[in-house]
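If you count the sequence shown from 1, position 230 lands on 231 in my numbering, and the numbers rise without skipping.
Just so you know, even glycine gets a beta-carbon here, dropped at the ideal spot from N, CA and C.
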Amino acid sequence: MNWRRFLPFLVLLAAAAFMRWGDGQLDVDDAFITYRYAENLATGQGFVYNAGERLLGTSTPLYTLLLAGCHWLGVATLTTSAILNLLASLAVVWLTMQLTWRLSGSLGAALLAAAFLLTQGAFMRYSMAGMETPLYTGLILLTFWAVLQERYHWAALLAGATATMRLDGVAVGGALFLAYLLHQRRLPWPALGIYAITLLPWALFALLYFGSPIPHSMVAKQGHLKVYGHSRYWIWETLFTNQYGAPTTLLAMLPIGLLRVFRRNGLAQGWTTIVIWLVAYLVAYTLVGIDFYEWYAVPAYPVLAIFVGIGLHTLWAALADWLSDQRWPRLAGYVSAAMILYWFIAYGQYVYASVTSFQGYLTNVEGPRNRAGQWLQAHTAPDATVYAGAIGHIGYYANRYLFDGAGLVTLPEQLQSARPDYYAVDGWVPDSPDCGLFKEFLPPAGADNPPMLISACHQTPLAEIGGLSLTYMRIGQQVRKPNRYWTTLD
């Protein structure tokens, strides 16, 4: 029995344990926006965030439908999300290994690709964060696998599902058909038909129901780039520089991996589809100008892992051959293993720090938002209205009408005229001894400004209100400066 064939399964078991270890106590805030859409749909209120308002504020229709279907069947949304995230993340690791093995013919390269992927902080942080990211990434890789198998009808179906999972998935279909045209000098009309039929139901529904299949949240995030002054090239900086603390040493293996695949496969349609997609994806994010949201970079990591794994294995094999020629065959294995161990120690230290830091963020930032939502649900009238800058946890648990300061589910004209009963705003309180706890602001008796909930410890103050540095208030909305008075929120 060849024990080597069981190594990918052992990697998968290790990945599952690693992901369970990295799973934080809470999901990220944006996931709860989709959860609220899904539960409203499942309970008959429609595909809406606020009752009666047909505004597409989630960027992941297919994920919303999956969650809604499971909720309708009686499965808790957070349970469904956790299961889907884990299974999809493991599928991404598995497909990364299989694609690498297929392109290189080397199990060693496949294992190195998986190791590289599992030491990428962004991939690990969002493997169990509640977002659609693992499912979306898995569909992309599954499409590439179908292309390598020359099953273009299946590839078209999967590409259509990818675009329904998230709008930027159209880049997968574009890469698929462009690569086919370049290699075959014709278009695959049956596959194009399957792709169109897969996309058509959602596109027609969104056009009739919302007025457009383009998520309003995408338009809002384009505005965020201008407001917060982030770099338009953030996705390139995230992936290819150490600006955010990630080691970049092994990225030097990318050109070696690409050259190795070219020498082995020529300009074959399968791997050129993958490269075309990667370039199109990164260029599209640069041109469209979506603000920095790290999970948008995650789908690129498996592709980078494929070529880094192949490049690293190629270098390893070349070094082993050279040392063997010098009559030092035993030394080849030791030197190669030492090099790889040295590289991955640096990456391992980084991913450990990255994941534990993210867990702290979930506890200290998302935790207060979660508690604020539960407080609002317990202490406010069912018809109360709430203004929030980060609406995920607050909106899901409060189950009240939400004015969204970030504009994902609220139109600008609504924000300008909003008169909410409560504010729930992330804030930074200088020298606060209980940083990270929500506080309830009680205005003086007779004042007409509403109570305010403040989440402490945000790091980027944007405006001063009543001595508090608050985020998410750059919407031109006039907010009275209340006197400062605090009580602990139970």
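Use the C-beta contact count for LEU11: other C-beta atoms within 10 angstroms, 16 or more gives buried, fewer gives exposed. On the sequence shown, position 10 is the one that residue 11 refers to. Flag for LEU11 reads exposed.
Q) Which runs of the beta strand (DSSP E), 3 residues or longer, sit entirely within the stretch 66–138? A) None, since the stretch 66–138 contains no complete beta strand (DSSP E) of that length.
| Touch check for the stretch 226–239 and the stretch 177–195: three-plus C-beta pairs under 8 Å? | no
Query raised in the report: Taking Cβ positions, are ILE341 and GLY258 nearer each other than 8 Å?
Result: Indexing the sequence shown from 1 puts residue 341 at position 340. Indexing the sequence shown from 1 puts residue 258 at position 257. No, the Cβ-Cβ distance between ILE341 and GLY258 is not below 8 Å.
Can you list, in chain order, the residues of its chain with a C-beta nearer than 7 Å to that of GLY271? Leave out the 5 residues immediately preceding and following it.
Translated into positions along the sequence shown, residue 271 becomes position 270. Taken in chain order, the residues that qualify are VAL148, LEU149.
- Query: Looking at the structure shown, is TYR302 part of a helix, part of a strand, or coil, going by DSSP?
  - Reply: In the sequence shown, residue 302 corresponds to position 301, counting from 1. Of the three classes helix, strand and coil, the one that applies to TYR302 here is helix, per DSSP.
Would you kindly work out how many angstroms separate the C-alpha atoms of ALA162 and LEU252, rounded to a whole number? The sequence position of residue 162 within the sequence shown is 161, counting from 1. The sequence position of residue 252 within the sequence shown is 251, counting from 1. C-alpha separation (whole angstroms): 31 Å.
So, using beta-carbon positions, are THR165 and LEU200 closer together than 8 Å? Residue 165 sits at position 164 when you count from the first residue of the sequence shown. Residue 200 sits at position 199 when you count from the first residue of the sequence shown. In contact: THR165 and LEU200 (Cβ atoms closer than 8 Å).
Practice problem: Could you please give me the residues that DSSP links to ASP422 through a beta bridge? | Solution: Working through the sequence shown from its first residue, we reach residue 422 at position 421. Beta-bridge pairing links ASP422 to no other residue.
*Is the beta carbon of TYR286 sitting closer than 8 Å to the one on ILE236?*
For this step, residue 286 is matched to residue 285 along the sequence shown. For this step, residue 236 is matched to residue 235 along the sequence shown. Closer than 8 Å, so yes.
Can you name, in chain order, every residue of its own chain whose Cβ lies under 7 Å from the Cβ of PHE375, other than the five neighbours on each side? Start at 1 with the first residue of the sequence shown, and residue 375 comes out as number 374. Per the sequence shown, the amino acid found at residue 375 is Gln instead of Phe. Closer than 7 Å at Cβ, skipping near neighbours: TYR398.
Q | Span separating the alpha-carbon of LEU14 from that of LEU142 | A | On the sequence shown, residue 14 is found 13 positions in, with the first residue counted as 1. On the sequence shown, residue 142 is found 141 positions in, with the first residue counted as 1. C-alpha separation (whole angstroms): 20 Å.
Counted within 10 angstroms of its Cβ, other Cβ atoms place ARG6 as buried (16 or more) or exposed: Walking along the sequence shown from the start, residue 6 turns up at place 5. It is exposed - the Cβ of ARG6 has fewer than 16 other Cβ atoms within 10 Å.
Can you tell me whether TYR498 is helix, strand or coil according to DSSP?
Any question about residue 498 goes unanswered here, given that the chain covers just 2 to 491.
Practice task
Compare the Cα-Cα distances from VAL280 to each of LEU67, TRP95, GLY175 and report the closest residue.
Solution key: Translated into positions along the sequence shown, residue 280 becomes position 279. The shortest Cα separation from VAL280 among LEU67, TRP95, GLY175 belongs to GLY175.
- Message: Measuring straight from C-alpha to C-alpha, what distance separates GLY122 and ALA110?
- Response: Stepping through the sequence shown from its first residue, residue 122 is reached at position 121. Stepping through the sequence shown from its first residue, residue 110 is reached at position 109. So the alpha carbons of these two residues sit roughly 21 Å apart.
Taking the beta carbon of LEU100 as the centre, do at least 16 other beta carbons fall within 10 Å, making it buried, or is it exposed? The residue labelled residue 100 in the question sits at position 99 within the sequence shown. Buried.
Query raised in the report: Whose C-alpha, out of ILE198, LEU316, TRP296, is nearest the C-alpha of LEU158?
Result: Here residue 158 refers to the residue found at position 157 of the sequence shown. Nearest C-alpha to LEU158: ILE198.
*Go ahead and label TYR343 buried or exposed: buried means 16 or more other beta carbons lie within 10 angstroms of its beta carbon, across all protein chains shown.*
In the sequence shown, counting from the first residue as 1, residue 343 sits at position 342. Classification for TYR343: exposed.
Can you check whether the CB of LEU57 is closer than 8 Å to the CB of PHE211?
As a first step, residue 211 must be located in the sequence shown, where it is residue number 210. As a first step, residue 57 must be located in the sequence shown, where it is residue number 56. Result yes, Cβ atoms of PHE211 and LEU57 sit closer than 8 Å.
- How should GLU151 be labelled, buried or exposed, when 16 other C-beta atoms within 10 angstroms of its C-beta is the threshold for buried? Within the sequence shown, the letter at position 150 stands for residue 151. Its Cβ having fewer than 16 others within 10 Å, GLU151 is exposed.
Which residue from PHE404, VAL426, GLY194 puts its Cα closest to that of ALA419?
One-based indexing of the sequence shown puts residue 419 at position 418. Here the closest residue by C-alpha is PHE404.
First and last residue of the uninterrupted alpha helix (DSSP H) at VAL171: Taking the first residue of the sequence shown as position 1, residue 171 is located at position 170. Segment 171–185, the alpha helix (DSSP H) holding VAL171.
Using a Cβ-Cβ cutoff of less than 6 Å, which residues in the same chain neighbour PRO9 once the five nearest sequence positions on both sides are dropped?
By 1-based counting over the sequence shown, the position of residue 9 is 8. Taken in chain order, the residues that qualify are MET98.
For GLY131, I'd like the list of residues in its chain whose CB is within less than 7 Å of its CB, leaving aside the five on either flank, ordered along the chain.
Numbered from 1 along the sequence shown, position 130 holds the residue referred to as residue 131. Contacts found: ASP28, VAL29, ALA32, SER82, ASN86.
- Any idea what DSSP makes of THR411, helix, strand or coil? By 1-based counting over the sequence shown, the position of residue 411 is 410. In this structure, THR411 counts as coil in the three-state DSSP scheme.
**OP:** Run the CB neighbour count on ALA354, radius 10 Å, all protein chains shown included, and call it buried at 16 or more, exposed below.
**Re:** In the sequence shown, counting from the first residue as 1, residue 354 sits at position 353. Exposed is the call here.
ALA114 versus PHE308: straight-line alpha-carbon distance, rounded | Mapped onto the sequence shown, residue 114 falls at position 113. Mapped onto the sequence shown, residue 308 falls at position 307. Taking the straight line from one Cα to the other gives about 8 Å.
Which whole-angstrom value describes the C-beta separation of PRO303 and VAL173, a residue pair presumed to lie in contact below a C-beta threshold of 8 Å? Here the question's residue 303 lines up with position 302 in the sequence shown. Here the question's residue 173 lines up with position 172 in the sequence shown. Incorrect: roughly 13 Å between the Cβ atoms, too far for contact.
**Request:** Could you check the C-alpha separation between PRO248 and PRO256 for me, to the nearest Å?
**Result:** Looking up residue 248 in the sequence shown gives position 247. Looking up residue 256 in the sequence shown gives position 255. Cα to Cα, the separation comes out at about 17 Å.
Could you give the residue range of the beta strand (DSSP E) that holds ALA389?
Sequence index remark: in the sequence shown, residue 389 carries index 388 (1-based). Where ALA389 is concerned, the enclosing beta strand (DSSP E) stretches over 386–389.
Taking just the CA atoms, how far does GLY53 sit from ALA18? If you number the sequence shown from 1, residue 18 lands on position 17. If you number the sequence shown from 1, residue 53 lands on position 52. The straight-line gap from Cα to Cα measures roughly 43 Å.
Check: Using CA coordinates, which residue listed in LEU268, ARG265, PRO300 is at the minimum distance from LEU283?
Finding: On the sequence shown, residue 283 is found 282 positions in, with the first residue counted as 1. Comparing Cα positions, the closest option is PRO300.
Separation of ILE215 from ALA221, as counted between CA atoms: To locate residue 221, count along the sequence shown from 1; it is residue 220. To locate residue 215, count along the sequence shown from 1; it is residue 214. Answer to the nearest angstrom: the Cα atoms are 11 Å apart.
Check your understanding: Hey, quick one: how far does the alpha helix (DSSP H) through ASP30 stretch, first residue to last?
Key -> Within the sequence shown, residue 30 is the residue found at index 29, counting from 1. That run of the alpha helix (DSSP H) goes 30–43.
inquiry  = On the DSSP letters alone, give me the boundaries of the alpha helix (DSSP H) that THR287 sits inside.
reply    = Counting from one through the sequence shown, the residue named residue 287 turns up at place 286. THR287: member of the alpha helix (DSSP H) spanning 270–289, first to last residue.
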